[in-house]
Amino acid sequence: MKRKVTKAIFPVAGLGTRFLPATKSIPKEILTLVDRPLIQYAIDEARAAGIKEFIFVTSRGKSALEDYFDDAPELETALRKKDKKDLLEELKKTNMDSGAIAYVRQNKPLGLGHAVWCARRLVHDEPFAVILTDDVIAAEKPCLQQMMEAYEETGGNIVAAMEVPTEKTSSYGVLDISEVNGPLVKVKGMVEKPQPDVAPSNLAVIGRYILTPEIMKNLNKKETGAGGEIQLTDAIAQEIANGNPVYGYRFKGQRFDCGSKAGFLQATVAFGLQRPDLKDEFGDYLGDIMNMRTAAE
0 MKRKVTKAIF
10 PVAGLGTRFL
20 PATKSIPKEI
30 LTLVDRPLIQ
40 YAIDEARAAG
50 IKEFIFVTSR
60 GKSALEDYFD
70 DAPELETALR
80 KKDKKDLLEE
90 LKKTNMDSGA
100 IAYVRQNKPL
110 GLGHAVWCAR
120 RLVHDEPFAV
130 ILTDDVIAAE
140 KPCLQQMMEA
150 YEETGGNIVA
160 AMEVPTEKTS
170 SYGVLDISEV
180 NGPLVKVKGM
190 VEKPQPDVAP
200 SNLAVIGRYI
210 LTPEIMKNLN
220 KKETGAGGEI
230 QLTDAIAQEI
240 ANGNPVYGYR
250 FKGQRFDCGS
260 KAGFLQATVA
270 FGLQRPDLKD
280 EFGDYLGDIM
290 NMRTAAE
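In terms of numbering that gives the first Met the number 0, the sequence shown has 34 at position 35, counting the first letter as 1, and numbering is strictly consecutive.
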């Protein structure tokens, strides 16, 4: 019988150097798309998928993440006095029950696999999800929820997957596929950041995972891979070698790479245009900019 997935790991220990100087004083995960920080999008997606326990793998300088999910009684009181009920409702979404979030430290940046391994004692022998906050996915049904529904049918390990341009395979973990069944593909191999001429496909792993406890055992070997880091991809690939099922799930939705400045800006525009209170004014502004650019050319 498949065990229900109720725990999720959020590796948030990175320094966010691509967003300096902003990330000198605030965690990258607190940067906002419109009016919600990246971490809020990830938490909301996890909640929609039935996650009850949230494990943050952090590092020095990330205390603002803890503060973000804490109660803010003075702010709530001020909003009540001004009868700002809509803002109070939005604020409630950021509060987490006591004990729902746990924090562990990754003392050294040894790779994604190492970050996940740091949470091993909180996961114990249960299946778990991993969510990378850099990957923001706009979808009618949240990506992790789609994957959970597939997991109920298949069990095993499931990674979110999407096609990428062949010339960009060296930036991703890439799947070698043996079978295709609708959005699900059975995986016979995984390669971390292969060069385009040796990549087994252009189906890349995106930052959503549902993993079995055996992954932690594989990570416990602390074997290094691409870039001299402990790679989560390698630990999942070991399960294939052990004869255990691994699947890729081609989710429905649009993924934004908010770990890059260009991707973050693209997401800001896309989410801004989806907002009923912003789309008209913001859309008109973008149209004016495009008209000015066309006229200048």
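Glycine included, every Cβ here is placed at the ideal spot set by N, Cα and C.
Note down, in chain order, each residue of its chain lying with its Cβ closer than 8 Å to the Cβ of residue i, except the 5 sequence neighbours on either side.
i	result
PRO199	VAL173, LEU174, ASP175, ILE176, GLY188, VAL190 and PRO193
VAL317	Since the first residue shown for the chain is 0 and the last is 296, residue 317 is missing from the structure and cannot be characterised.
GLN253	ILE136, ALA137, ALA138 and ALA269
LEU90	ALA71, LEU74, GLU75 and LEU78
Can you check DSSP and say which residues form a bridge with residue i?
i	result
ALA128	ALA7 and ILE209
PRO36	THR31
ALA137	GLN253
MET161	ALA203
ILE176	VAL186
ASN156	VAL245
I need the DSSP call for residue i, collapsed to helix, strand or coil.
i	result
ASP82	coil
LYS192	coil
VAL197	coil
LEU109	coil
LEU285	helix
LEU14	coil
ARG104	strand
GLU89	helix
ILE54	strand
ASP96	coil
SER24	coil
ASN217	helix
ASP70	coil
GLU44	helix
ARG2	coil
GLY227	helix
GLU75	helix
GLU296	coil
ASP279	helix
GLU166	helix
Quick one, are the C-beta atoms of residue i and residue j less than 8 Å apart?
i	j	result
ALA12	THR57	yes
ILE214	ILE229	no
THR132	GLU28	yes
PRO195	THR165	yes
LYS6	ILE50	yes
ALA266	LEU32	yes
GLU44	PRO141	yes
TYR40	VAL135	yes
TYR284	MET146	no
ILE130	GLY15	no
PRO10	ALA149	no
TYR67	ILE38	yes
ILE288	VAL4	no
SER169	ARG17	no
VAL179	LEU202	no
ARG46	PRO126	no
LEU264	GLY271	no
ILE239	VAL186	yes
From what residue to what residue does the beta strand (DSSP E) around residue i run?
i	result
LYS260	No beta strand (DSSP E) contains LYS260, which is instead part of the alpha helix (DSSP H) from 260 to 273.
May I ask which residues mark the beginning and end of the alpha helix (DSSP H) holding residue i?
i	result
ASP66	62 to 67
LEU121	119 to 122
ALA149	142 to 153
GLU238	231 to 240
Could you confirm whether any beta carbon from chain D is found closer than 8 Å to the beta carbon of residue i?
i	result
GLY154	Chain labels in this structure do not include chain D; a single protein chain is all it has.
Who are the near neighbours of residue i in its chain, counting only those whose CB is closer than 6 Å to its CB and skipping five residues on each side?
i	result
PRO244	GLY155
GLY361	What is shown of the chain runs 0 to 296, which leaves residue 361 out entirely.
ASP233	GLY224
PHE250	CYS142, GLN145 and ALA159
MET95	PHE68
GLN105	ALA12, VAL56, SER58, ALA114 and CYS117
GLY112	LEU218, ILE229, GLN230, LEU231 and ALA234
LEU121	ILE54 and ALA101
ASP124	PRO212
PRO36	ILE29
So, at 7 Å on beta carbons, what are the nonlocal neighbours of residue i in its own chain, with the 5 sequence-adjacent residues on each side left out?
i	result
GLN237	ASN217
ALA118	ILE8, ILE54, VAL56 and VAL103
ARG274	VAL33
LYS221	ILE229
Just to check, is the beta-carbon of residue i closer than 7 Å to a non-hydrogen atom of the ligand SAH?
i	result
SER97	This structure lacks the ligand SAH; in fact it carries no ligand of any kind.
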